[in-house]
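Using our numbering, the letters of the sequence shown correspond one by one to residues 5 to 365.
For every residue, glycine included, the Cβ atom is placed at its ideal position computed from N, Cα and C.
Fair warning: this is a prediction, and the values are worked out from it, not measured in the lab.
Reading through the structure tokens given below for one structure.
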Amino acid sequence: MDDRIRAHAETLVDWSARVDPGDDVVVRVDEGAHDLAVAVAAALGDRGANLLATYGSDEMTRAYLRAHDGDFAPATAERTLYERADVTLSLRGSRNTAATADVPGDVRNAHARARRDVREARLATDWVSTVHPTRSLAQAAGMSYEAYREFVYDAVLRDWASLADEMGRVKTRLDDADEVRIVADGTDLTLSVGGRTAVNSAASVAYDSHNLPSGEVFTAPVTAEGEVTFDVPVTVEGTRVRDATLVLSDGDVVEFAAATGESALADLLATDDGAKRLGELGIGMNRGITRPTDNVLFDEKMAGTVHLALGRAYDACLPDGETGTESAIHVDLITRMGEGSRLLVDGDPIQRDGRFVWEGA
């Protein structure tokens with residue numbers, strides 16, 4: 005086994021999930037993530053944790069959803085599984101990134117709504133999501149498998165403690181802020197963030213961070229006004245969405261368009277009322293991620309980008325007793341902060357041309 009796979013597993017179990025002896029750990033294994041799953045199992049055994057592994061496949065999901073009549077019952081057994089778990093580790097690695105592209109949007113939305121309680125129960129655990137490099141993901145990224153593996157491990161195996169210190173500077177600014185303005189090509193959007201708590205997403209549950217790799221600072225907007233264009237393509241439920249534009253008024257999406265994948269964007273916005281609002285503003289800061297790869301887990305962390313999520317807000321950003329945006333979805337859309345761009349906090353620029361003011365030229 006490649007030593008980097010073992011290092012990935014140890015980082016996931018030790019730094020990211022902070023697994024303790026006796027923890028009940030659910031490991032969700034995608035069909036292409038077998039090698040990482042073996043390394044994770046060894047790391048969990050070494051720490052005296054309890055392992056329950058589940059197998060996932062996009063092709064299985066496609067078969068199930070296309071055969072179903074769309075009247076989904078609540079997934080009580082799966083919800084109970086997560087209610088009893090301490091930790092959930094999701095090891096992603098699909099063999100076909102477009103496997104569910106021909107599932108009707110209304111069926112997909114009904115399935116998401118029926119599983120909302122499952123999602124909430126999983127998010128109540130110490131959950132962490134990561135990616136094992138596969139040939140399908142390399143192909144989606146337009147990279148050779150060998151180059152893609154190097155890319156993944158450059159993003160995952162970082163000095164997370166040092167990056168946490170740097171990202172803490174951005175968190176402090178956002179925690180004290182009332183307003184954030186994003187100005188870029190096709191974008192002039194103002195978001196109110198007063199009273200919200202930013203998350204220093206340093207790839208560890210100790211920082212309320214749940215992705216490996218991570219490397220972002222995010223918060224939950226209260227409301228938003230203006231227009232935003234997302235120039236980093238993303239795949240949504242198997243459909244490529246490119247150059248999406250949203251117009252927001254009083255926090256709601258009132259107009260939308262996309263150069264490709266507009267119907268998939270329309271399906272997302274039709275999921276429920278919360279899907280028309282923003283649940284997240286994120287600022288990418290991982291310099292190991294140097295290019296888009298059509299995998300949002302990486303792309304949203306790319307240094308010199310910001311992303312906005314349609315749908316659910318994360319509880320870690322909200323004051324006690326406040327729910328924020330509620331939705332069955334949380335879908336990230338990404339834009340580059342290139343030449344001429346500005347990121348302003350209460351009117352003061354903290355980033356110009358994609359570089360923070362403290363980084364220099």
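Taking the alpha-carbon positions, what's the residue i to residue j distance?
{"i": "GLU150", "j": "ALA181", "result": "43 Å"}
{"i": "PRO25", "j": "ASN204", "result": "26 Å"}
{"i": "ASP324", "j": "ALA144", "result": "40 Å"}
{"i": "ASP50", "j": "ARG88", "result": "22 Å"}
{"i": "ASP18", "j": "ARG185", "result": "37 Å"}
{"i": "VAL122", "j": "PRO78", "result": "9 Å"}
{"i": "THR84", "j": "VAL174", "result": "38 Å"}
{"i": "THR58", "j": "MET171", "result": "34 Å"}
{"i": "THR138", "j": "GLY351", "result": "43 Å"}
{"i": "MET289", "j": "VAL197", "result": "20 Å"}
{"i": "VAL221", "j": "THR176", "result": "10 Å"}
{"i": "ALA260", "j": "ALA274", "result": "Residue identity check: residue 260 is Phe in the sequence provided, not Ala. In a straight line, the C-alpha of PHE260 is about 12 Å away from that of ALA274."}
{"i": "ALA128", "j": "ASN215", "result": "15 Å"}
{"i": "ARG8", "j": "VAL258", "result": "46 Å"}
{"i": "ASN100", "j": "ASP319", "result": "32 Å"}
{"i": "PRO353", "j": "ALA270", "result": "33 Å"}
{"i": "GLU266", "j": "ASP169", "result": "39 Å"}
What residue does the alpha helix (DSSP H) around residue i start on, and which one ends it?
{"i": "HIS115", "result": "109-118"}
{"i": "ASP7", "result": "7-14"}
{"i": "PHE234", "result": "Unbroken run through PHE234 is the beta strand (DSSP E), 227-234; no alpha helix (DSSP H)."}
{"i": "THR65", "result": "62-71"}
{"i": "SER140", "result": "139-145"}
{"i": "HIS311", "result": "Note, HIS311: premise wrong, no alpha helix (DSSP H); beta strand (DSSP E) at 309-315."}
{"i": "VAL300", "result": "300-303"}
{"i": "ASP271", "result": "266-273"}
What are the boundary residues of the beta strand (DSSP E) that residue i is part of?
{"i": "GLY85", "result": "Looking at the sequence itself, residue 85 is Leu, so the reference to Gly does not match. Not the beta strand (DSSP E): LEU85 falls in the alpha helix (DSSP H), residues 80-88."}
{"i": "ARG162", "result": "Unbroken run through ARG162: none, as it is neither H nor E."}
{"i": "TYR211", "result": "Premise fails: TYR211 is in no beta strand (DSSP E) and is neither H nor E."}
{"i": "GLU259", "result": "256-261"}
{"i": "PHE222", "result": "220-223"}
{"i": "SER253", "result": "248-253"}
{"i": "ASP192", "result": "191-196"}
{"i": "ASP352", "result": "352-356"}
{"i": "ASP336", "result": "334-340"}
Following a CB-centred definition, is residue i positioned closer than 6 Å to any heavy atom of the ligand ADP?
{"i": "ALA168", "result": "The ligand ADP is not part of the structure shown, which contains no ligands of any sort."}
Would residue i and residue j qualify as a contact pair, given that the criterion is a beta-carbon distance under 7 Å?
{"i": "LEU250", "j": "VAL226", "result": "no"}
{"i": "THR329", "j": "ARG291", "result": "no"}
{"i": "SER61", "j": "GLU82", "result": "no"}
{"i": "HIS12", "j": "VAL160", "result": "yes"}
{"i": "GLY308", "j": "GLY242", "result": "no"}
{"i": "ALA37", "j": "GLY74", "result": "no"}
{"i": "ALA206", "j": "ASP276", "result": "no"}
{"i": "VAL245", "j": "ALA268", "result": "yes"}
{"i": "THR92", "j": "VAL30", "result": "yes"}
{"i": "LEU95", "j": "ALA53", "result": "no"}
{"i": "ASP28", "j": "ASP90", "result": "yes"}
{"i": "LEU69", "j": "VAL107", "result": "yes"}
{"i": "VAL4", "j": "LEU301", "result": "Summary: the structure shown does not reach residue 4, with the chain confined to residues 5 through 365, and so no result is reported for it."}
{"i": "HIS1", "j": "GLY286", "result": "Since the displayed the chain opens at 5 and closes at 365, residue 1 lies outside it and no answer follows."}
{"i": "VAL187", "j": "ARG356", "result": "no"}
How many whole angstroms separate the CB atoms of residue i and residue j, which I take to be in contact at a CB cut-off of 8 Å?
{"i": "VAL349", "j": "LEU178", "result": "7 Å"}
{"i": "PRO296", "j": "VAL236", "result": "5 Å"}
{"i": "GLU154", "j": "ALA103", "result": "GLU154 to ALA103, Cβ: 26 Å. No contact."}
{"i": "ALA224", "j": "GLU284", "result": "6 Å"}
{"i": "TYR152", "j": "LEU141", "result": "7 Å"}
Should residue i be flagged as near chain B, meaning a C-beta pair shorter than 7 Å?
{"i": "ASP39", "result": "Absent here is chain B; the protein component of the structure consists of one chain."}
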